[in-house]
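Here the structure comes first, spelled out in structure tokens, and everything after it is commentary.
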Amino acid sequence: MLCHTMPMATETASRTSRQSPDPFDVFATYLKEHRLRNTAERNAVLKELVQAKDHLDAEGLLVRLRKRSHPVSRATLYRTLDHLVIAGLVKKHSFGQGHAQYEYVLGRKHHDHMVCDRCGLVIEFINDEIESLQEEVCRQHGFQSTNHVMEIFGICKDCRSAKKK
Ligand SMILES: [Zn+2]
Ligand SMILES: [Zn+2]
Ligand SMILES: [Zn+2]
Numbered sequence: 000m001l002c003h004t005m006p007m008a009t010e011t012a013s014r015t016s017r018q019s020p021d022p023f024d025v026f027a028t029y030l031k032e033h034r035l036r037n038t039a040e041r042n043a044v045l046k047e048l049v050q051a052k053d054h055l056d057a058e059g060l061l062v063r064l065r066k067r068s069h070p071v072s073r074a075t076l077y078r079t080l081d082h083l084v085i086a087g088l089v090k091k092h093s094f095g096q097g098h099a100q101y102e103y104v105l106g107r108k109h110h111d112h113m114v115c116d117r118c119g120l121v122i123e124f125i126n127d128e129i130e131s132l133q134e135e136v137c138r139q140h141g142f143q144s145t146n147h148v149m150e151i152f153g154i155c156k157d158c159r160s161a162k163k164k
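Using numbering that gives the first Met the number 0, the first residue of the sequence shown is number 0, and each one after it goes up by one.
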């Protein structure tokens, strides 16, 4: 039940081939190291993100947590999200005009995103050719990449067909 791994194509530069560590252990260690309390609220935020199969903004997370009768204050939520990002458990995306969106990444393979400007749909993709071309471009510039973000904005299939009607 650890993580909802989506079926995804293989990639060239996988960072995680070993078994992924338990997110709650990783977070507990982080909190201890930073002398922060390991609270039920903080763990509820992490749990929600681990279970979510999507990219969620903070408001969406608040709603979900309330539905599960795990109310977390907005301030706690934002602070917890910051910690989860620093701890490497969660990635924060700012997809264009919308609010920042968060996704659980520990043990997940690298992937890139397409974002619909109309409905906000986020499509995950990985393309080995694009990945190696990026590495190639970096090599040409004597640049060693540590990370990259690839986001394509546009209009998704559903929104495109809605427009035609
Ligand atoms: Zn990529
Ligand atoms: Zn759309
Ligand atoms: Zn993603």
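Ideal Cβ positions, reconstructed from N, Cα and C, are used throughout, including at glycine.
Residue i, DSSP secondary structure in three states
i           : result
residue 166 : Past the edges of the chain, shown from 0 to 164, lies residue 166, and the structure says nothing about it.
residue 6   : Note that residue 6 has pLDDT 43, beneath the 50 cutoff, so the model's placement of it is unreliable and the number below is only indicative. Residue state, collapsed to three classes: coil.
residue 55  : strand
residue 156 : helix
residue 28  : helix
residue 34  : coil
Spatial neighbours of residue i in its chain, beta-carbon cut-off 8 Å, leaving aside the 5 residues before and after
i           : result
residue 143 : 137
residue 93  : 99, 100
Residues near residue i by beta carbon distance below 7 Å, same chain, minus five either side
i           : result
residue 11  : Its pLDDT being 38, under 50, residue 11 is placed unreliably by the model, and the measurement read from it follows with that caveat. Counting only Cβ-Cβ distances below 7 Å, and skipping sequence neighbours, we find 127, 130, 131.
residue 154 : 115, 116, 117
residue 47  : 60, 63, 64
Residues bridged to residue i [DSSP beta-bridge criterion]
i           : result
residue 150 : 112
Residues of its chain near residue i, where Cβ-Cβ distance is below 6 Å and the 5 sequence neighbours each way are ignored
i           : result
residue 122 : 113
residue 102 : 54, 90
Which ranges does the beta strand (DSSP E) cover as unbroken runs of at least 3 residues, wholly within the stretch 70 to 142, from first to last along the chain?
89 to 92, 100 to 103, 111 to 115, 121 to 124
Closer than 5 Å from C-beta to any heavy atom of ligand 1: which residues, in chain order?
111, 149
Where the beta carbon is closer than 5 Å to any heavy atom of ligand 2, which residues qualify, in chain order?
115, 117, 118, 120, 155, 158
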